[in-house]
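Peer 1:
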Amino acid sequence: MIDAQVLARAQFAFTISFHIIFPAFSIGLASYLAVLEGMWLRTRNPVYLNLFHYWLKIFAVAFGAGVVSGLVMAYQFGTNWSVFSDKAGAVLGPLMAYEVMSAFFLEAGFLGVMLFGLKRVGPTLHFIATLAVALGTFASAFWILSVNSWMQTPAGYAINAQGQFVPADWLKVIFNPSFPFRLVHMVLAAYLTTALVVGAVGAFHLLKDKANLEARKMFSMAMWMATLVAPIQILAGDSHGLNSLEHQPAKIMAMEGHYQSHPHGAPLILFGLPNQAKGEVEYKIEIPKLSSLILKHNLDAPLAGLDTVPRQDWPYVPIVFWSFRIMVGIGLLMALLGGVSLLARLRRGLYDWRPLHRFALAMGPMGFVAVLAGWITTEVGRQPYTVYGLLRTSQSASPLQAPAVAASLAAFAVVYFVVFGSGLFYLLRLMGHPPHDHEEGLEEHDPIRAAGITPAPAIDPDRALQPVH
Amino acid sequence: MTYSADLTLIWAGLIAFAVFAYVVLDGFDLGIGILFPMLGSDADRDTAMSSVAPVWDGNETWLILGGGGMLAAFPLAYAILMPAVYAPLIAMLLGLVFRGVAFEYRWRTKRARWAWDLAFCGGSTLAAFSQGVILGAILQGVTVTGRGYGGGWWDWLTPFSLLTGVSVVAGYGMLGATWLIMKTTDNLLARAFHLAWRFGAATVVAIGAVSAATPFLKADYWRRWLTFPNIIATAQVPLLVAIAAVALFFCLRRKNETWPFPIALGLFALGYAGLAISLYPDIVPGRVTIWQASAPASSLGFMLIGAGILIPVILAYTGYAYWVFRGKTDPKGYH
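As you go down the protein sequences, you meet chains A and B in turn.
Sequential numbering of the first sequence, starting at 1, is according to our numbering.
Sequential numbering of the second sequence, starting at 1001, is according to our numbering.
1. State buried or exposed for T1318 of chain B, treating a residue as buried only when at least 16 other CB atoms are found within 10 Å of its CB.
2. Could you check how far apart the C-beta atoms of A1192 of chain B and A1177 of chain B are, in whole angstroms? I think they sit under 8 angstroms.
3. Helix, strand or coil for L274 of chain A per DSSP?
4. Could you tell me the alpha carbon to alpha carbon distance between H436 of chain A and L213 of chain A, rounded to whole angstroms?
5. Given that a residue counts as buried once 16 or more other Cβ atoms are within 10 Å of its Cβ, and exposed if not, what is D238 of chain A?
6. Determine, for R1147 of chain B, whether the minimum Cβ-Cβ distance to residues of chain A falls below 7 angstroms.
7. Return the CA-CA distance between L1217 of chain B and F1160 of chain B, expressed in angstroms with no decimal places.
8. Using a Cβ-Cβ distance under 7 angstroms, would M151 of chain A count as near chain B?
9. For D1046 of chain B, does the three-state DSSP call read helix, strand or coil?
10. Give me, in chain order, the residues of the same chain whose beta-carbon lies closer than 6 angstroms to that of A534 of chain A; leave out the 5 immediate sequence neighbours on both sides.
11. Tell me the DSSP bridge mates of F1261 of chain B?
12. For the pair the segment 81-94 of chain A and the segment 48-57 of chain A, tell me if three or more CB-CB distances fall below 8 angstroms.
13. With DSSP as the reference, please indicate the residues paired to T158 of chain A in a beta bridge.
14. Counting pairs of Cβ atoms below 8 angstroms between the segment 113-122 of chain A and the segment 351-360 of chain A, do you hit three or more?
15. Just the Cα atoms here: how many angstroms apart are V198 of chain A and V1142 of chain B?
16. Since E214 of chain A is in the alpha helix (DSSP H), which residue starts that stretch and which ends it?
17. Between which two residues does the alpha helix (DSSP H) containing E286 of chain A stretch?
18. Count the other CB atoms within 10 Å of the CB of A250 of chain A; is the residue buried (16 or more) or exposed (fewer)?
19. In the DSSP assignment, the alpha helix (DSSP H) including Y385 of chain A goes from what residue to what residue?
20. With 7 angstroms as the threshold, decide whether the Cβ of F1261 of chain B is near any Cβ in chain A.
21. Distance cutoff 7 angstroms, beta carbons only. Does Q401 of chain A sit that close to anything in chain B?
22. Relative to the C-alpha of G1027 of chain B, which candidate in B:W1011, B:L1009, B:D1042, B:W1062 has its C-alpha closest?
23. Cβ of F104 of chain A less than 7 angstroms from any chain B Cβ?
24. If distances are taken between C-alpha atoms only, which option among A:L207, A:R44, A:Q260 comes closest to G432 of chain A?
25. For the beta strand (DSSP E) containing V1284 of chain B, name the first residue and the last one.
26. Would A1202 of chain B pass as an interface residue toward chain A - the criterion being a Cβ-Cβ separation below 7 angstroms?
27. Work out the CA separation of D1029 of chain B and G1095 of chain B for me, nearest whole Å.
28. Just the Cα atoms here: how many angstroms apart are D1046 of chain B and A155 of chain A?
29. What did DSSP end up calling H258 of chain A once you bin it into helix, strand or coil?
30. Thinking C-alpha only, which one of B:G1123, B:V1241, B:P1262, B:D1282 is nearest R1224 of chain B?
31. Are the Cβ atoms of T15 of chain A and V72 of chain A separated by less than 7 angstroms?
32. Counting pairs of beta carbons, one from the segment 1293-1306 of chain B and one from the segment 1071-1083 of chain B, are three or more of them closer than 8 angstroms?
33. Have a look at G1271 of chain B and V1284 of chain B and give me their C-alpha separation to the nearest angstrom.
34. In terms of DSSP beta bridges, what is I269 of chain A paired with?
35. How would you list, in chain order, the residues of chain A whose beta-carbon sits under 8 angstroms from the beta-carbon of I1243 of chain B?
36. Counting only runs of 4+ residues fully inside the segment 1050-1122 of chain B, write out the alpha helix (DSSP H) ranges in chain order.
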């Protein structure tokens, strides 16, 4: 029997998973565009400008899809998690309001200039707008990750007579214990995701024409990102894990598949089938003591297992266990791509070695998969709580009947697949065009969602308007 | 305590303003969607869409600010009202998603244009109707148990909420038609006059019907509107509505192209003022006041810093955008 709460969780997971794909891409792409324009201004090499225009068109579509899917998120808290909203609204609401306002500010001020204004405001001012957009997407990420981190590691709050969380110290609320780790891990993930997409598009066009200057440049830049950032991301993920071990040990137990405690050094379970009912991982392949080495930097350090946690506080291990392995596996593949491409680069075969291009092409969507797997790990891993240790998921849901939630979930599924499926189709079509010399920017009279409140500086009044008075 | 009370009032005002800004701004571009099948030729449809293309997206951002602001400033009200209007709220969001992307994707395809046109019209109408239903559902009162919604998931569906749903569709249609009068020429202009007449009449009838029904919903509303001495003040609202309606039809008859839109906005403002009279100081009618629902002063104050900087900037930008795009839309220019 599926109850309303499970459906509400499914609905939130569905809508936010669709949503996160677009911001993850636009955060990285905004920074990439800033780098491209900066390089163009410094070197005046037209390849950079061509690439800037090429990716700008893609950015506009992705940003628009992010805004549309974000609108739904602003209401999901109230419709499906109303008790949570009542209890945590005073603490989290203002942070979310700042998130909305950062995005708002972006749309109001700089996006229009960035999208359409290069010829009109001049390169320097335009570059400032591009930097502001990159900074603004980062600010959005900052606030929303602060919200999520507070739910994982609440701090700086008090509880009032009505049982609501109220802010006691805003700095402690914002910079709660897991926030810095999560922010770094997610922003790097956004950069890597974007790099993989850029690399795959570059590889796709290199496979067809290895003389294409723009394709060579974007492929090279993306591979540098993989070479340099993938190892850093592995380190960042590791320290995020250590932070979770300190604040949310049950999540780490679930990720590791440690149902049992290991007083004399815990093994690293590589694969296996977690059986939640029995409380053990079946058919496991493990390396003795390696988990203690990774998590405690000591082969013989004892590690507690879920047997030390009351059963009603267990997260659902099979999901966490597998999503974590998918994320780590993709992370290692990214590092491999970085390493192999470095080797190819050193041997002067970066643009010629077709297996590398095929590998990079196959890795194109993997960043998104890793981002989703990572979020599933952290979100399922903190169950059964919405505010960790303080408010249970079962006590957060709206008083709704199952059919209501089921019907809306079905509606969301249908609409999202049609709408964002078409969006993906248009994005892929844009990426399928080979980049070329004299690449055009956005067509100025295409109505585009991302143009925001002020296409005013963006559009040439002589063309857009025909004042008759 | 007075400090906190003042912040509560400020935020109630800000959110009320955001919602009103949303209603009138998105109202006319939703209206274009509602009128879309009645606009005659494809070229006229293109022009109508072009006339709102520069401004429509910013309009919707007010809705996010209204929703997000309510969660932050009045979490209890948000927690009670959102589940109460669950079905129409989800329908509204899906409608907005559909029409939002239709706007953009429509220009990217020739083959599938008809499908996106349909999505644009259907999504706009669904969103408008749902907004009206939400309004009616909140006005007629919701069942509250403890600190949450206590009713069923079809409670919102009543003849009154259907009436408010249709009313909002009519009202947005009127806003859309009068906007087109201001922004277009020739055939489309003539058609817009015709549509403005029809939707204007429907709106005035709807305002009358909703106003007549409201005092019977709750004793509170009756007392506020129809007992002495309140009635001396409240009677001004219907009086002004009547004046505005006469002015609107006078302008339409004289084929005035400038004034119908501002007058239509005025009608909406009057309707909104009427709602404020019915509700204040409740945020969940008859159950929860804005002070009971309010977040603590530290939350409200913290947010006010950002809002205080941002809202004036947005208003200035929005005003600037409308100024730049004043005058008639060129059928060829913006697509």
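Note that beta-carbon positions come from the ideal geometry of N, C-alpha and C, so glycine has one too.
Peer 2: From the atom records:
1. buried
2. 5 angstroms
3. Strictly speaking, residue 274 of chain A in this sequence is Pro, with Leu absent from that position. If DSSP states are grouped into helix, strand and coil, P274 of chain A belongs with the strands.
4. 8 angstroms
5. exposed
6. yes
7. 9 angstroms
8. no
9. helix
10. Residue 534 of chain A cannot be examined here, being either before or after the span of chain A that is shown, 1 to 469.
11. Paired residues: none, contrary to the question.
12. no
13. The residue you asked about is not Thr; residue 158 of chain A is Ala in the sequence shown. In the DSSP output, where bridge partners are listed per residue, A158 of chain A has A:V166.
14. no
15. 51 angstroms
16. 213-247
17. Premise fails: E286 of chain A lies in the beta strand (DSSP E), 280-287, not in any alpha helix (DSSP H).
18. buried
19. Careful: Y385 of chain A lies outside any alpha helix (DSSP H), inside the beta strand (DSSP E) at 385-387.
20. no
21. yes
22. B:W1062
23. yes
24. A:L207
25. 1282-1284
26. no
27. 13 angstroms
28. 53 angstroms
29. coil
30. B:D1282
31. yes
32. yes
33. 19 angstroms
34. A:E286
35. In chain order: nothing, as chain A lies at least about 27 angstroms away.
36. 1056-1073, 1075-1084, 1086-1105
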